[in-house]
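Engineer: Mind looking over this structure? Questions follow.
Numbering (the working numbering), first residue to last: 1 to 178.
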(Lines of atoms letter the chains of each structure in order from A and count residues from 1; the text may use other names and numbers.)
(Lines give C-alpha, C1' and ligand atoms only; values in the text may rest on other atoms or scores of the structure.)
Protein backbone atom coordinates (compact mmCIF):
# COMPACT_ATOMS: atom_id res chain seq x y z
CA UNK A 1 0.00 0.00 0.00
CA UNK A 2 1.37 3.41 -0.95
CA UNK A 3 0.36 5.60 1.99
CA UNK A 4 1.90 8.71 0.44
CA UNK A 5 -1.22 8.89 -1.77
CA UNK A 6 -3.46 8.94 1.30
CA UNK A 7 -2.17 12.10 2.97
CA UNK A 8 -4.71 14.41 4.58
CA UNK A 9 -4.22 17.92 5.96
CA UNK A 10 -5.84 20.06 8.62
CA UNK A 11 -5.18 23.60 9.76
CA UNK A 12 -3.48 24.02 13.11
CA UNK A 13 -1.43 26.30 15.30
CA UNK A 14 1.94 25.84 16.93
CA UNK A 15 2.85 28.03 19.89
CA UNK A 16 6.48 28.33 20.95
CA UNK A 17 7.14 29.67 24.44
CA UNK A 18 10.59 30.40 25.85
CA UNK A 19 10.78 30.00 29.62
CA UNK A 20 13.88 30.75 31.68
CA UNK A 21 12.53 31.60 35.10
CA UNK A 22 10.64 28.52 36.39
CA UNK A 23 11.75 25.32 38.10
CA UNK A 24 11.24 21.87 36.64
CA UNK A 25 8.51 21.13 39.17
CA UNK A 26 6.48 24.12 38.02
CA UNK A 27 7.13 23.39 34.34
CA UNK A 28 5.99 19.79 34.75
CA UNK A 29 2.74 20.85 36.39
CA UNK A 30 1.81 22.98 33.36
CA UNK A 31 1.44 19.98 31.01
CA UNK A 32 -1.91 18.90 32.47
CA UNK A 33 -3.23 22.46 32.31
CA UNK A 34 -2.25 22.77 28.64
CA UNK A 35 -3.89 19.44 27.76
CA UNK A 36 -7.04 20.41 29.69
CA UNK A 37 -7.12 23.67 27.71
CA UNK A 38 -7.14 21.68 24.45
CA UNK A 39 -3.51 21.13 23.43
CA UNK A 40 -3.04 18.17 21.09
CA UNK A 41 0.60 17.71 22.05
CA UNK A 42 3.07 19.49 24.32
CA UNK A 43 6.83 19.15 24.24
CA UNK A 44 9.34 20.87 26.49
CA UNK A 45 13.03 20.97 25.55
CA UNK A 46 15.92 22.20 27.71
CA UNK A 47 17.96 25.07 26.27
CA UNK A 48 20.76 27.45 27.11
CA UNK A 49 19.58 31.06 26.93
CA UNK A 50 21.39 34.39 26.90
CA UNK A 51 24.19 34.75 29.43
CA UNK A 52 24.43 30.90 29.49
CA UNK A 53 21.36 30.55 31.68
CA UNK A 54 19.31 27.32 31.63
CA UNK A 55 15.90 27.59 30.04
CA UNK A 56 13.17 25.61 28.33
CA UNK A 57 11.20 25.90 25.12
CA UNK A 58 7.60 24.69 24.99
CA UNK A 59 6.15 23.54 21.67
CA UNK A 60 2.36 23.45 21.93
CA UNK A 61 0.35 21.93 19.06
CA UNK A 62 -3.28 23.07 19.17
CA UNK A 63 -6.54 23.56 17.35
CA UNK A 64 -7.07 27.25 16.46
CA UNK A 65 -10.39 27.23 18.37
CA UNK A 66 -8.47 26.59 21.64
CA UNK A 67 -5.98 29.44 21.16
CA UNK A 68 -7.35 31.76 23.87
CA UNK A 69 -7.58 28.97 26.47
CA UNK A 70 -3.97 27.93 25.77
CA UNK A 71 -2.79 31.54 25.89
CA UNK A 72 -4.43 31.94 29.31
CA UNK A 73 -2.41 28.96 30.58
CA UNK A 74 0.77 30.48 29.10
CA UNK A 75 0.12 33.80 30.83
CA UNK A 76 -1.12 32.46 34.17
CA UNK A 77 0.80 29.19 34.67
CA UNK A 78 4.02 29.80 32.73
CA UNK A 79 4.02 33.50 33.69
CA UNK A 80 5.19 34.34 30.19
CA UNK A 81 4.61 37.74 28.66
CA UNK A 82 5.21 36.64 25.07
CA UNK A 83 5.19 33.69 22.69
CA UNK A 84 5.44 32.83 19.02
CA UNK A 85 2.30 31.76 17.17
CA UNK A 86 2.76 29.86 13.91
CA UNK A 87 -0.10 28.82 11.63
CA UNK A 88 0.52 25.28 10.43
CA UNK A 89 -0.87 22.62 8.17
CA UNK A 90 -0.79 19.24 9.92
CA UNK A 91 -0.37 16.38 7.45
CA UNK A 92 -1.31 12.84 8.38
CA UNK A 93 -2.14 9.54 6.74
CA UNK A 94 -5.54 7.93 7.00
CA UNK A 95 -6.09 6.04 10.25
CA UNK A 96 -8.87 4.66 12.35
CA UNK A 97 -9.40 3.64 15.95
CA UNK A 98 -10.26 -0.02 16.47
CA UNK A 99 -11.09 -2.23 19.44
CA UNK A 100 -10.64 -5.93 20.12
CA UNK A 101 -11.85 -8.03 23.07
CA UNK A 102 -9.21 -10.37 24.44
CA UNK A 103 -8.74 -12.75 27.32
CA UNK A 104 -5.95 -11.72 29.69
CA UNK A 105 -4.20 -14.50 31.62
CA UNK A 106 -1.98 -13.73 34.60
CA UNK A 107 -1.10 -16.76 36.73
CA UNK A 108 -4.47 -18.02 38.09
CA UNK A 109 -6.36 -14.90 37.03
CA UNK A 110 -8.33 -14.62 33.79
CA UNK A 111 -10.39 -11.64 32.71
CA UNK A 112 -11.75 -9.99 29.58
CA UNK A 113 -10.27 -6.70 28.39
CA UNK A 114 -10.96 -4.45 25.40
CA UNK A 115 -7.80 -3.40 23.57
CA UNK A 116 -7.79 -0.07 21.74
CA UNK A 117 -5.41 0.69 18.90
CA UNK A 118 -4.87 3.04 16.01
CA UNK A 119 -4.28 1.53 12.58
CA UNK A 120 -3.32 3.19 9.31
CA UNK A 121 -5.20 0.98 6.89
CA UNK A 122 -7.66 -1.85 6.68
CA UNK A 123 -4.66 -4.13 6.20
CA UNK A 124 -3.27 -3.14 9.63
CA UNK A 125 0.00 -1.90 8.08
CA UNK A 126 0.91 0.18 11.13
CA UNK A 127 -0.61 -0.71 14.49
CA UNK A 128 -0.13 1.42 17.59
CA UNK A 129 -1.86 0.38 20.79
CA UNK A 130 -3.32 3.37 22.63
CA UNK A 131 -0.98 4.10 25.53
CA UNK A 132 -3.79 5.11 27.91
CA UNK A 133 -5.48 1.78 27.21
CA UNK A 134 -2.19 -0.04 27.94
CA UNK A 135 -1.90 1.92 31.20
CA UNK A 136 -5.45 0.89 32.13
CA UNK A 137 -4.52 -2.76 31.51
CA UNK A 138 -1.37 -2.30 33.61
CA UNK A 139 -3.46 -0.89 36.49
CA UNK A 140 -6.05 -3.66 36.19
CA UNK A 141 -3.32 -6.31 36.39
CA UNK A 142 -1.74 -4.51 39.35
CA UNK A 143 -5.07 -4.37 41.23
CA UNK A 144 -6.42 -7.82 40.38
CA UNK A 145 -3.22 -9.85 40.23
CA UNK A 146 -0.79 -7.90 42.45
CA UNK A 147 1.77 -7.79 39.64
CA UNK A 148 3.60 -4.79 38.26
CA UNK A 149 4.31 -5.39 34.59
CA UNK A 150 6.40 -2.74 32.80
CA UNK A 151 4.32 -0.63 30.43
CA UNK A 152 6.66 -1.36 27.51
CA UNK A 153 5.99 -5.11 27.94
CA UNK A 154 2.24 -4.54 27.98
CA UNK A 155 2.48 -2.33 24.89
CA UNK A 156 4.50 -4.92 22.95
CA UNK A 157 2.22 -7.81 23.92
CA UNK A 158 -0.86 -5.80 22.95
CA UNK A 159 0.73 -4.91 19.63
CA UNK A 160 1.58 -8.58 19.09
CA UNK A 161 -2.04 -9.54 19.80
CA UNK A 162 -3.15 -7.23 16.98
CA UNK A 163 -0.47 -8.26 14.49
CA UNK A 164 -1.04 -11.98 15.01
CA UNK A 165 -4.82 -11.72 15.52
CA UNK A 166 -4.61 -13.34 18.97
CA UNK A 167 -7.65 -13.60 21.22
CA UNK A 168 -5.65 -13.83 24.46
CA UNK A 169 -2.53 -12.40 26.07
CA UNK A 170 -0.55 -14.35 28.66
CA UNK A 171 1.39 -12.31 31.24
CA UNK A 172 2.86 -15.17 33.28
CA UNK A 173 6.46 -15.27 34.56
CA UNK A 174 6.54 -11.69 35.87
CA UNK A 175 7.65 -10.28 39.22
CA UNK A 176 5.27 -9.83 42.15
CA UNK A 177 5.14 -6.37 43.71
CA UNK A 178 3.16 -7.04 46.88
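Note that the Cβ used here is the ideal one computed from N, Cα and C, for glycine as well.
Just so you know, these numbers come straight off a predicted model, no measurement behind them.
Are there 16 or more other CB atoms within 10 angstroms of the CB of residue 134, so buried, or fewer, so exposed?
Structural biologist: With 16 or more other Cβ atoms within 10 Å, it is buried.
Engineer: Which class does residue 165 belong to by DSSP, given the choice of helix, strand or coil?
Structural biologist: Of the three classes helix, strand and coil, the one that applies to residue 165 here is coil, per DSSP.
Engineer: Quick one: what does DSSP say residue 101 is sitting in, helix, strand or coil?
Structural biologist: In this structure, residue 101 counts as strand in the three-state DSSP scheme.
Engineer: What residue ranges within the stretch 5-47 form continuous alpha helix (DSSP H) runs of no fewer than 4 residues, ordered along the chain?
Structural biologist: Complete alpha helix (DSSP H) runs here, min 4: 24-36.
Engineer: Comparing alpha-carbon positions, which option in 26, 38 and 23 lies nearest residue 15?
Structural biologist: Answer by Cα proximity: 38.
Engineer: Please report the distance separating the alpha-carbon of residue 233 from that of residue 47.
Structural biologist: Lying before the first or after the last residue shown, residue 233 is absent from the chain, which here runs from 1 to 178.
Engineer: In chain order, what residues of the same chain lie with their CB nearer than 7 Å to the CB of residue 50, ignoring the 5 residues before and after it?
Structural biologist: Hits under 7 Å: none found.
Engineer: Output yes or no for whether 8 Å exceeds the beta carbon distance between residue 27 and residue 44.
Structural biologist: Contact: yes.
Engineer: As a quick exercise: from 140, 94, 162 and 104, pick the residue whose alpha carbon is nearest that of residue 8.
Structural biologist: It is 94 whose Cα lies nearest to the Cα of residue 8.
Engineer: Taking buried to mean at least 16 other C-beta atoms within 10 Å of its own C-beta, is residue 126 buried or exposed?
Structural biologist: Per the 10 Å Cβ criterion, exposed.
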